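Chemist: Residue 719, in full-length UniProt numbering, is where the sequence shown stops; the numbers in between run on with no holes.
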Amino acid sequence: HPHHPHHHALLLEKAGILNKTKIVDNGKKLRKNWTQSWTVLHGGILTFYKDPKSNPGGNVTKTNQIIPEFTVELRGAAVGWASKDKSSKKNVLELKTRQGSEYLMQYDTDSIIHDWHYIIQDTIKHLYHD
Ligand code: I3S
Numbered sequence: 590h591p592h593h594p595h596h597h598a599l600l601l602e603k604a605g606i607l608n609k610t611k612i613v614d615n616g617k618k619l620r621k622n623w624t625q626s627w628t629v630l631h632g633g634i635l636t637f638y639k640d641p642k643s644n645p646g647g648n649v650t651k652t653n654q655i656i657p658e659f660t661v662e663l664r665g666a667a668v669g670w671a672s673k674d675k676s677s678k679k680n681v682l683e684l685k686t687r688q689g690s691e692y693l694m695q696y697d698t699d700s701i702i703h704d705w706h707y708i709i710q711d712t713i714k715h716l717y718h719d
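(1) Please determine, among Gly632, Gly605, Leu682 and Asp614, the residue with the shortest C-alpha to C-alpha distance to alanine 667.
(2) Do glycine 605 and threonine 712 come within 8 Å of each other at the CB atom, strictly closer than that value?
(3) Using a threshold of 7 Å, is the CB atom of lysine 621 nearer than that to any non-hydrogen atom of ligand 1?
(4) Could I get the ranges of all uninterrupted beta strand (DSSP E) runs contained in the UniProt domain "PH" (600 to 714), with 3 residues as the minimum, in chain order?
(5) Would you grab the beta carbon distance between threonine 636 and asparagine 622 for me? Rounded to a whole angstrom, and I think it's under 8 Å.
(6) Buried or exposed for serine 626, please, with buried defined as at least 16 other CB atoms from any protein chain shown within 10 angstroms of its CB.
(7) Quick one: is tryptophan 670 buried, meaning 16 or more other Cβ sit within 10 Å of its Cβ, or exposed?
(8) Closer than 7 Å: is that where the CB of serine 676 sits relative to any heavy atom of ligand 1?
(9) Taking isoleucine 655 as the reference, which of Gln710, His715 and Val629 has the closest Cα?
(10) As a quick exercise: from Pro657, Arg664, Arg687 and Thr624, pick the residue whose alpha carbon is nearest that of tyrosine 638.
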């Protein structure tokens, strides 16, 4: 039930590697920069963690592996397959936030990107009724 105190405990969780790029920040178009991210869905928040290899010093330490690059609130967001003009890559998802930011998420393996599509869509649906 939506008003149950432990409702958020029912929100789905998932983690894995995805390719992602932020293309719009609060309505402002950004230059695409595809990078791989450890991606975590937890409590209605999607977090893209920085690729530890992107550390300019090249030293992979425990601390720089856990720095979030983007944190995306899924409440009020919309997810769907990106149109062909958004990217030449296959299996590209487009995620638009309520705040007017947009992300592309991509993975060559169909099952992996389909699982993310389903779980993000389901999470958004549950948050909407909250
Ligand atoms: O939408 P765009 O500008 O065709 O996106 C491509 C560029 O970001 C490109 O980098 P440069 O701006 O340095 O050329 C990337 O290498 C491509 O991957 C981007 O296009 P795709 O179709 O892969 O999303």
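Beta carbons: idealized from backbone N, C-alpha and C, even for Gly.
Owing to the predicted nature of the structure, the values given are computational and were not obtained by experimental measurement.
Modeler: Quick answer:
(1) Leu682
(2) no
(3) yes
(4) 603 to 614, 624 to 631, 634 to 638, 657 to 662, 667 to 670, 681 to 685 and 691 to 695
(5) Going by Cβ atoms, the distance from threonine 636 to asparagine 622 rounds to 18 Å, so no, they are not a contact pair.
(6) buried
(7) exposed
(8) yes
(9) Here the closest residue by C-alpha is Val629.
(10) Pro657
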